[in-house]
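Below is one structure, written out as C-alpha cells, with a few remarks after it.
Residue numbers (the working numbering), protein chains in the order written: chain A, 2 to 217; chain B, 13 to 258; chain C, 109 to 317.
Okay, structure coming up:
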C-alpha cells in the first residue's frame with residue numbers, strides 16, 4: 002500500500018461543542034501529523050463521538066476551526082473527503098445484502114486499492130467462508146468486520162474510527178491493531194476512541210482527554 | 013460588510029441596539045393604531061354597498077398583507093442563519109413563525125367575519141382566503157418543525173430550510189389557487205374592488221398597514237430580545253445585566 | 109449508479125392506494141355519475157397520501173444503519189447522489205402508481221378517453237411528489253416521530269401539483285385542450301429537480317448536526 006507521504010497536518014483550534022444548550026467541551030486544541038495516532042478518551046456523554054463528527058465535517062462545531070494542511074476543512078471539503086476514512090459506531094452494513102455484495106459496494110464507492118479482489122478482502126477480515134450469507138444473519142462482531150474491511154483497501158491518509166474494537170474477538174483485535182500500525186508506519190494518521198485501550202506497538206500516539214475541556 | 017453583519021448580529025450587540033428601536037417602534041405603533049382605528053371606524057364614510065360592515069377591512073387587509081410580509085422576513089432571516097450562521101437570525105426565524113401565524117389567523121378570522129354579511133356564509137373557497145389558509149398551514153409546519161428538536165439551534169436551522177423552500181413555493185401555490193378559483197367559481201361572488209376605493213377609506217387603511225408593520229417589528233424585537241437573554245444565559249454579559257437589575 | 113437499495117415494504121403504499129380508492133364508492137355512493145366526477149380528485153389525493161406514506165423509506169434505513177453519513181462523506185457531488193436516491197424512490201413508488209391508477213380509475217367509472225391524461229399527469233407529477241417529499245423526510249430524519257411531521261410539512265407544497273393535475277384531467281374529460289397544464293407541470297418538475305436536491309443535502313446536514 003503506497004501513501005503519498007508528503008507532510009500533512011490536521012489541526013483543531015479553539016473547538017467548542019454545544020448540544021441542547023449544554024457545553025460539552027470548549028477551547029479544545031490538537032495537532033496531528035503523519036505517522037501519528039490520537040486516542041480520544043473520556044467517560045460516556047463527554048462528547049467523543051461529537052468531536053469525531055466535527056473533525057470529519059459531518060457536524061459543525063459551535064466555535065473554532067478544524068484545518069487540513071492549514072485550510073479550513075469546510076472550504077476544501079471535496080479534497081479533504083478524498084483523504085478521509087470515517088467509520089462510525091454504526092456499521093453502515095446493508096443487512097439485506099450478502100457479505101459479498103456489501104464488500105463490492107465498499108470497493109465501488111470508496112477510493113480504494115483496486116488490486117484487491119472481493120475474495121482477498123473477505124480473507125483479510127476472516128469472512129471468506131461466509132461470502133454469500135446475508136448480513137442480517139451475521140453476529141454483531143462479524144458485521145463490524147464487514148465495515149472494518151474498508152481499512153484493508155483504503156488509500157486515504159486520515160482514518161477516524163469511533164470505537165473500532167467494539168464486539169470484536171481477541172484475534173481480530175490483533176489484526177486491526179496490526180493494520181493500524183502498518184498504516185501509521187506508512188505515514189498515515191489515525192484518530193480513534195476506545196474504552197479498552199489499544200496496542201499500537203512502537204508507533205507514536207498521544208491521548209486527548211476530553212474531560213479536561215469541559216467548562217466548570 | 014460581513015464584519016458589520018456579524019457585529020450587529022452578535023447576541024450582545026443586538027441586545028443593546030435593539031433596545032432603543034423597540035421603544036420607539038412601540039410608541040409609533042400606539043400612535044398610528046389610535047389614529048388609524050379612529051379614522052377607519054369613525055371618520056371614513058360607510059360603503060355604499062356594504063354599509064358599516066366593510067370596516068373590518070381596516071384590520072383584515074393589513075393582517076393579510078402582514079402574513080405574506082412576515083414570511084418573507086422569516087425566509088430572509090433563514091438565509092442569514094444558514095449562510096452566515098448568525099445566532100440572532102435563528103431566533104428571528106422562530107419568532108417570525110409564531111407572529112406570522114398569528115397575523116395569518118387574524119386575517120382568516122376577520123375574513124370569515126366579513127364574509128358572513130357579504131357572502132352569507134362564513135367560508136367561501138375564494139382564492140385569497142384559500143391562499144391564506146394554505147399559508148397558515150405553512151406557518152404551522154415551520155412552528156412544528158422548529159419545536160420538534162431538542163436543540164433549539166438545530167430546530168432553527170431546519171425551520172430556516174423549510175422557510176426558504178416555502179418562499180420559493182408560495183408564488184406557485186398562490187398562482188395555482190387563483191387559477192383553480194377562476195375555473196371553479198363563476199363570477200357570482202361580488203369581488204371587492206380595491207382600485208376604486210375612495211381616498212377617505214384608503215388613508216386609514218394605509219395608516220393601519222404601517223401600524224401593523226411597526227407593531228410586528230416592536231413585537232419581534234421584544235420577543236427576540238428576551239429569547240436572546242434566555243439562550244445566552246450562561247454568557248458573562250447576560251449575568252452582568254441580571255446583576256444590575258436585581 | 110446508486111446500488112444501495114432496499115427491496116422491502118415497498119408494496120405497502122401501493123396496496124394502501126388500491127384499498128383507499130375502493131373505499132370511496134363504499135363510503136360515498138356507487139352512483140356512476142357522482143363517482144366519475146370525483147374520480148380524478150380521489151385518485152390524486154390517494155396517490156398523494158400513498159407517496160407520503162412511502163417517503164420514510166427513502167432515508168430511514170440508511171440513517172439508522174449509518175450508510176447515510178457515509179454517503180455524505182463520499183468524495184464527489186452529494187447532490188447527484190441524492191438525486192439518484194430520489195429517482196430510485198420514484199421508480200419504486202411513483203412508477204407503479206402510474207400503472208395502477210388507470211386500472212383503479214375504471215372502478216370509479218372514469219371516462220376512458222381521459223385515462224391518457226391521468227397517466228400523463230401522474231407521470232410528470234409523481235417525481236415532483238418524491239422530490240418535495242424528500243425535503244420533509246430529510247428535515248425530520250433525526251426526530252422520533254418524524255413521519256407524521258414530515259407529512260404535515262410537505263402536504264401544503266403538494267397543493268399546486270394536485271390542482272394542476274386534476275384540472276388537466278378534468279379538462280381532458282371535457283375534451284378541452286390540456287397541453288398548457290402539462291407545460292406547467294413540466295416546468296414545476298424541472299424547477300424542483302434542479303433546486304430540491306440542494307435543499308435535501310442542506311437538510312441532511314442539519315439532521316446530522
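Cβ coordinates follow ideal geometry from the N, Cα and C atoms, glycine included.
According to DSSP, residues forming a beta bridge with residue i
i	result
residue 69 of chain A	A:11 and A:72
residue 19 of chain A	A:24
residue 178 of chain B	Partner(s): none; residue 178 of chain B has no beta bridge.
residue 40 of chain A	A:193 and A:208
residue 34 of chain A	A:10
residue 155 of chain A	A:113
residue 88 of chain A	A:162
residue 29 of chain A	A:16
residue 63 of chain B	B:59
residue 135 of chain A	A:99
residue 64 of chain A	A:17
C-beta neighbour in chain B for residue i, strict 9 Å
i	result
residue 163 of chain C	no
residue 192 of chain C	no
residue 248 of chain C	yes
residue 20 of chain A	yes
residue 275 of chain C	yes
residue 210 of chain C	no
residue 311 of chain C	yes
residue 271 of chain C	yes
Any chain C beta carbon closer than 9 Å to residue i
i	result
residue 259 of chain B	The structure shown does not extend to residue 259 of chain B, since chain B is modelled only from 13 to 258, so the question has no answer here.
residue 112 of chain A	yes
residue 149 of chain A	no
residue 24 of chain B	no
residue 59 of chain A	yes
residue 156 of chain B	yes
residue 94 of chain B	yes
residue 262 of chain B	With chain B covering only 13 through 258, there is no way to say anything about residue 262 of chain B.
residue 137 of chain B	no
residue 196 of chain A	no
residue 181 of chain B	yes
residue 152 of chain A	no
residue 54 of chain A	yes
Beta-carbon proximity of residue i to residue j, cut-off 9 Å
i	j	result
residue 174 of chain B	residue 147 of chain B	no
residue 149 of chain B	residue 219 of chain C	no
residue 345 of chain C	residue 249 of chain C	For residue 345 of chain C there is no data in the structure shown, the boundaries of chain C being 109 and 317.
residue 211 of chain A	residue 94 of chain A	no
residue 90 of chain B	residue 171 of chain B	yes
residue 181 of chain B	residue 183 of chain C	no
residue 147 of chain A	residue 119 of chain A	no
residue 90 of chain A	residue 157 of chain A	no
residue 145 of chain C	residue 110 of chain A	no
residue 71 of chain B	residue 122 of chain B	yes
Beta carbon proximity, residue i to chain A, threshold 9 Å
i	result
residue 237 of chain B	no
residue 243 of chain B	yes
residue 173 of chain C	yes
residue 183 of chain C	yes
residue 198 of chain B	Because the pLDDT of residue 198 of chain B is 45, which lies under 50, any placement of that residue in the model is unreliable, and the question is left without a value.
residue 67 of chain B	no
residue 246 of chain B	yes
Cross-chain neighbours of residue i in chain C, by beta carbon under 9 Å
i	result
residue 103 of chain B	Chain C residues near residue 103 of chain B: none, gap ~16 Å exceeds 9 Å.
residue 166 of chain B	250, 314, 315 and 317
residue 79 of chain A	183, 184 and 185
residue 89 of chain A	174, 177 and 178
Residues that residue i contacts on chain A, provided the C-beta gap is smaller than 7 Å
i	result
residue 142 of chain C	Within 7 Å Cβ-Cβ: nothing; residue 142 of chain C doesn't reach chain A, min ~45 Å.
residue 178 of chain C	93
Contacts of residue i in chain A (Cβ-Cβ under 9 Å)
i	result
residue 120 of chain C	Within 9 Å Cβ-Cβ: nothing; residue 120 of chain C doesn't reach chain A, min ~16 Å.
residue 163 of chain B	19, 20, 21 and 22
8 Å Cβ cut-off: residues of chain C touching residue i
i	result
residue 169 of chain B	314 and 317
residue 143 of chain A	Neighbours of residue 143 of chain A on chain C: none; closest Cβ ~15 Å, over 8 Å.
Interface residues of chain B facing residue i [CB-CB closer than 8 Å]
i	result
residue 267 of chain C	146, 185, 188 and 189
residue 296 of chain C	184
Chain-ordered neighbours of residue i on chain B, where CB pairs are closer than 7 Å
i	result
residue 307 of chain C	173 and 177
Residue i: contacting residues in chain F (beta-carbon distance under 9 Å)
i	result
residue 260 of chain C	The structure shown contains no chain F; the protein chains it does contain are A, B and C.
Could you tell me which uninterrupted alpha helix (DSSP H) segments, each at least 4 residues in length, are contained entirely in the stretch 214-282 of chain C, listed from first to last along the chain?
223-248 and 254-281
Kindly provide the ranges of any alpha helix (DSSP H) runs that are 4 or more residues long and lie completely inside the stretch 162-208 of chain A, ordered along the chain.
171-186
Sequence ranges, beta strand (DSSP E) only - wholly within the stretch 154-214 of chain C, length at least 3
none
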